[in-house]
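A.B. asks: Going down the list, the sequences are from chains A and B.
Using UniProt numbering, read the first sequence as starting at 1 and increasing by one per residue.
Using UniProt numbering, read the second sequence as starting at 1 and increasing by one per residue.
All residues carry an ideal CB built from backbone N, CA and C; glycine is no exception.
Computed from a predicted model, the values in this text were never measured in an experiment.
One structure, as structure tokens, below. Some questions next.
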Amino acid sequence: QQEAQAIDQELFTEYKFSVDQLMELAGLSCATAIAKAYPPSSFTTSQPAVLVVCGPGNNGGDGLVCARHLKMFGYQPTVYYPKRPSKPLFEGLTTQCEKMDIPFLPEFPTEPAFIDELYGVVVDAIFGFSFTGAVREPFGSILSTLERVTVPIASIDIPSGWDVEKGKADGLQPDMLISLTAPKKAAVHFAGRYHFLGGRFVPPALQEKYSLNLPAYPGTDCVLQLT
Amino acid sequence: KRSPDPLYRDFTTQCEKMDIPFLSYLPTEVQLINDAYNAVVDAVLGAEAEAGEGREPCATILATLKHIRIPIVSLDVPSGWDVESGSSGGISPDVLVSLAAPKECARRFLGRQHFVAGRFLPYDVQKKFELNPPEYPGTECVVAL
Numbered sequence: 001q002q003e004a005q006a007i008d009q010e011l012f013t014e015y016k017f018s019v020d021q022l023m024e025l026a027g028l029s030c031a032t033a034i035a036k037a038y039p040p041s042s043f044t045t046s047q048p049a050v051l052v053v054c055g056p057g058n059n060g061g062d063g064l065v066c067a068r069h070l071k072m073f074g075y076q077p078t079v080y081y082p083k084r085p086s087k088p089l090f091e092g093l094t095t096q097c098e099k100m101d102i103p104f105l106p107e108f109p110t111e112p113a114f115i116d117e118l119y120g121v122v123v124d125a126i127f128g129f130s131f132t133g134a135v136r137e138p139f140g141s142i143l144s145t146l147e148r149v150t151v152p153i154a155s156i157d158i159p160s161g162w163d164v165e166k167g168k169a170d171g172l173q174p175d176m177l178i179s180l181t182a183p184k185k186a187a188v189h190f191a192g193r194y195h196f197l198g199g200r201f202v203p204p205a206l207q208e209k210y211s212l213n214l215p216a217y218p219g220t221d222c223v224l225q226l227t
Numbered sequence: 001k002r003s004p005d006p007l008y009r010d011f012t013t014q015c016e017k018m019d020i021p022f023l024s025y026l027p028t029e030v031q032l033i034n035d036a037y038n039a040v041v042d043a044v045l046g047a048e049a050e051a052g053e054g055r056e057p058c059a060t061i062l063a064t065l066k067h068i069r070i071p072i073v074s075l076d077v078p079s080g081w082d083v084e085s086g087s088s089g090g091i092s093p094d095v096l097v098s099l100a101a102p103k104e105c106a107r108r109f110l111g112r113q114h115f116v117a118g119r120f121l122p123y124d125v126q127k128k129f130e131l132n133p134p135e136y137p138g139t140e141c142v143v144a145l
């Protein structure tokens with residue numbers, strides 16, 4: 001977890017990347033990975049409907065970017081964003097989604113069955129690699145509902161609620177994990193079908209410094225399928 | 001000529017930290033460029049340029065680029081072209097990448113490939129300006145016209 005935070009810090013302070021730049025690339029890679037694993041033609045719902053659940057921090061921001069690109073790729077995303085930071089970055093991303101006619105749910109579906117009926121995929125953009133400590137409401141209830149959903153869940157960076165290093169045996173078991181920058185320690189516990197690498201912005205010098213040993217991305221693709 | 005705007009300064013830092021060398025001057029000897037590189041990306045002047053073509057160092061750069069033999073890829077508007085009426089003796093790029101939507105002058109583009117990179121435009125903006133963009137394949141961010 002510390003390494004992930006150190007890499008992030010270097011990207012911002014030494015390399016002078018802006019949060020907007022990296023968040024856009026991260027969100028785009030998530031949408032691209034989802035499009036590769038769950039193409040619109042594979043949905044059994046009448047429209048390729050996707051539910052994007054956004055948390056209170058940067059993982060949520062990645063989710064907002066992802067929702068917008070999913071719309072561009074022909075999906076019908078719906079966002080649930082209960083705790084919104086009052087920072088221009090997140091306000092801007094929210095406006096961009098709203099202006100693209102992406103609905104924001106006022107309430108989270110109470111039953112897993114409702115989610116299974118309406119959506120073909122759920123994107124978990126609740127907690128990311130900075131997550132520590134206890135899960136605060138409303139996310140505790142949201143996660144326990146998501147744990148009982150049968151449609152595939154795609155988690156951004158870390159399955160929400162998992163310890164960033166040790167995982168969580170009785171927690172969320174997503175079908176897809178999109179590791180951003182590099183897989184986190186907890187990824188060894190990932191048991192779903194699809195593991196993608198995204199966030200193709202780490203300069204070679206930084207990869208070497210932290211011995212990331214990342215495999216090569218194909219061509220100009222922004223994602224790499226690991227499993 | 002580097003803008004003092006922090007946005008561009010940061011982009012420059014990002015390039016430098018990725019070991020991308022910055023030349024201190026553009027060789028005027030065309031053969032040197034033909035020998036050292038396989039392609040040139042023209043990101044000199046865009047749609048907002050007015051009399052930029054006449055000012056140095058742009059004028060000399062564009063004069064040099066007119067004579068190179070390796071392909072030129074122009075971003076948005078071939079530098080030195082009028083954004084609406086196109087070129088009169090200006091550079092002839094091999095590839096044009098129109099940003100957001102093709103500009104008027106793109107009608108005069110005679111090179112091999114014209115791409116449009118505008119998949120980020122929301123639908124209501126596209127409709128409002130009657131852009132009628134083509135379908136983008138899969139998850140690609142550019143489409144060949």
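Mind checking which residues open and close the alpha helix (DSSP H) that includes T44/A?
C.D. replies: Residue 44/A sits at position 44 when you count from the first residue of the first sequence. It is not in any alpha helix (DSSP H) - T44/A carries neither H nor E in the DSSP assignment.
A.B. asks: Under 8 Å Cβ-Cβ, which residues of chain B neighbour S160/A?
C.D. replies: Residue 160/A sits at position 160 when you count from the first residue of the first sequence. In chain order: nothing, as chain B lies at least about 25 Å away.
A.B. asks: Quick one: does D5/B have its CB under 8 Å from some CB of chain A?
C.D. replies: Numbered from 1 along the second sequence, position 5 holds the residue referred to as residue 5/B. It does not: the Cβ of D5/B has no partner Cβ on chain A nearer than 8 Å.
A.B. asks: Quick check on R68/A: buried or exposed, where buried means 16 or more other Cβ atoms within 10 Å of its Cβ?
C.D. replies: Position 68 of the first sequence, counted from the start, is the residue given in the question as residue 68/A. Buried is the call here.
A.B. asks: Please confirm if the stretch 115-132 of chain A is in contact with the stretch 48-63 of chain A, defined as three or more CB-CB distances below 8 Å between the two stretches.
C.D. replies: The stretch 115-132 of chain A is in contact with the stretch 48-63 of chain A.
A.B. asks: For E14/A, go through chain B and note every residue whose CB falls closer than 8 Å to its CB, in chain order.
C.D. replies: One-based indexing of the first sequence puts residue 14/A at position 14. Going along chain B in sequence order, the residues near E14/A (Cβ under 8 Å) are K17.
A.B. asks: Out of L224/A, G120/A, T132/A, H189/A, point me to the one whose CA is closest to Q1/A's CA.
C.D. replies: Locating residue 1/A in the first sequence gives position 1, where the first residue counts as 1. The candidate whose alpha carbon is nearest that of Q1/A is T132/A.
A.B. asks: Which residue spans inside the stretch 162-188 of chain A form an unbroken beta strand (DSSP E) run of at least 3?
C.D. replies: You should have 176-180.
A.B. asks: Tell me the DSSP secondary structure of D10/B in three-state form.
C.D. replies: Within the second sequence, numbered from 1, the residue matching residue 10/B stands at position 10. Helix, per DSSP.
A.B. asks: Should K99/A be flagged as near chain B, meaning a C-beta pair shorter than 8 Å?
C.D. replies: Against the first sequence, residue 99/A aligns to sequence position 99. Answer yes: the Cβ-Cβ gap between K99/A and chain B drops below 8 Å somewhere.
A.B. asks: In chain B, what lies closer than 7 Å to T78/A by C-beta?
C.D. replies: For the purposes of this step, residue 78/A is taken as residue 78 along the first sequence, with counting starting at 1. Here the premise fails: no neighbours, minimum Cβ distance about 17 Å.
A.B. asks: How is S29/A classed by DSSP in three states: helix, strand or coil?
C.D. replies: Within the first sequence, numbered from 1, the residue matching residue 29/A stands at position 29. Helix, per DSSP.
A.B. asks: Which bits of chain A does D10/B rub up against, with CB to CB less than 8 Å?
C.D. replies: Here residue 10/B refers to the residue found at position 10 when the second sequence is read from its first residue. The contacting residues are K16, F17, S18.
A.B. asks: Scan the stretch 113-127 of chain B for residues whose Cβ lies nearer than 8 Å to a Cβ of chain A and list them as they occur along the chain.
C.D. replies: Answer set for the stretch 113-127 of chain B: R119, F120, P122, Y123, D124.
A.B. asks: Is there contact between the stretch 99-109 of chain B and the stretch 70-84 of chain B, where contact requires at least three CB pairs shorter than 8 Å?
C.D. replies: With the cut-off at 8 Å, the stretch 99-109 of chain B and the stretch 70-84 of chain B touch.
A.B. asks: By the DSSP assignment, the alpha helix (DSSP H) with G89/B in it spans what residues?
C.D. replies: Residue 89/B sits at position 89 when you count from the first residue of the second sequence. Segment: none, G89/B is in no alpha helix (DSSP H) and carries neither H nor E.
A.B. asks: At what residues does the alpha helix (DSSP H) containing P204/A begin and finish?
C.D. replies: Start at 1 with the first residue of the first sequence, and residue 204/A comes out as number 204. Start and end: 204-209.
A.B. asks: Which of helix, strand or coil does DSSP assign to T95/A?
C.D. replies: Here residue 95/A refers to the residue found at position 95 of the first sequence. Residue state, collapsed to three classes: helix.
A.B. asks: Just list the beta strand (DSSP E) runs in the stretch 19-86 of chain B, keeping only unbroken ones of 3 residues or longer that don't cross its boundaries, in chain order.
C.D. replies: Counting whole runs of 3 or more residues, the stretch 19-86 of chain B contains the beta strand (DSSP E) stretches 40-42, 72-75.
A.B. asks: Is the stretch 20-34 of chain B touching the stretch 23-33 of chain A, taking contact as three or more C-beta pairs under 8 Å?
C.D. replies: No: fewer than three Cβ pairs fall under 8 Å.
A.B. asks: Take the Cβ of A169/A as the centre, count every other Cβ of all protein chains shown within 10 Å, and call the residue buried at 16 or more, exposed below.
C.D. replies: For the purposes of this step, residue 169/A is identified with residue 169 of the first sequence, where counting begins at 1. By the 10 Å Cβ count, A169/A comes out exposed.
A.B. asks: Out of D221/A, E147/A, K209/A, state which residue places its alpha-carbon closest to the alpha-carbon of A6/A.
C.D. replies: For the purposes of this step, residue 6/A is identified with residue 6 of the first sequence, where counting begins at 1. Looking at the Cα atoms, K209/A is the closest of the given residues.
A.B. asks: Inspect the CB distances between the stretch 180-189 of chain A and the stretch 84-96 of chain A and report whether three or more fall short of 8 Å.
C.D. replies: No, the stretch 180-189 of chain A does not touch the stretch 84-96 of chain A.
A.B. asks: Taking all protein chains shown into account, do 16 or more other C-beta atoms lie within 10 angstroms of the C-beta of S46/A, making it buried, or fewer, making it exposed?
C.D. replies: Numbered from 1 along the first sequence, position 46 holds the residue referred to as residue 46/A. The residue is exposed, with fewer than 16 neighbouring Cβ atoms inside 10 Å.
A.B. asks: Name the DSSP bridge partner or partners of Y81/A?
C.D. replies: Reading the first sequence from its first residue, position 81 is the one you call residue 81/A. For Y81/A, which the question treats as bridged, DSSP gives no partner whatsoever.
A.B. asks: Who are H195/A's beta bridge partners in DSSP?
C.D. replies: As a first step, residue 195/A is located in the first sequence; it is residue number 195 there, counting from the start. Per DSSP, L177/A.
A.B. asks: What are the residues that DSSP puts in a beta bridge with F104/A?
C.D. replies: Along the first sequence, read from residue 1 onward, the residue named residue 104/A stands at position 104. Answer is V79/A.
A.B. asks: Using CA coordinates, which residue listed in P4/B, P71/B, N34/B is at the minimum distance from I91/B?
C.D. replies: As a working mapping, residue 91/B is identified with position 91 in the second sequence. The option with the nearest alpha carbon to I91/B is P71/B.
A.B. asks: For E117/A and F104/A, I'd like the C-alpha separation in whole angstroms.
C.D. replies: The sequence position of residue 117/A within the first sequence is 117, counting from 1. The sequence position of residue 104/A within the first sequence is 104, counting from 1. Computed Cα separation, rounded: 18 Å.
A.B. asks: Between V223/A and P39/A, what straight-line distance do the alpha-carbon atoms span, to the nearest angstrom?
C.D. replies: Working through the first sequence from its first residue, we reach residue 223/A at position 223. Working through the first sequence from its first residue, we reach residue 39/A at position 39. Cα to Cα, V223/A sits roughly 15 Å from P39/A.
A.B. asks: I'd like the list of long-range same chain contacts for P56/A, defined as Cβ closer than 7 Å, with 5 residues on each side in sequence excluded.
C.D. replies: One-based indexing of the first sequence puts residue 56/A at position 56. K83, P85, listed in sequence order.
A.B. asks: If contact means a Cβ-Cβ distance below 8 Å, which residues of the stretch 184-211 of chain A contact chain B?
C.D. replies: Result list: P203, P204, A205.
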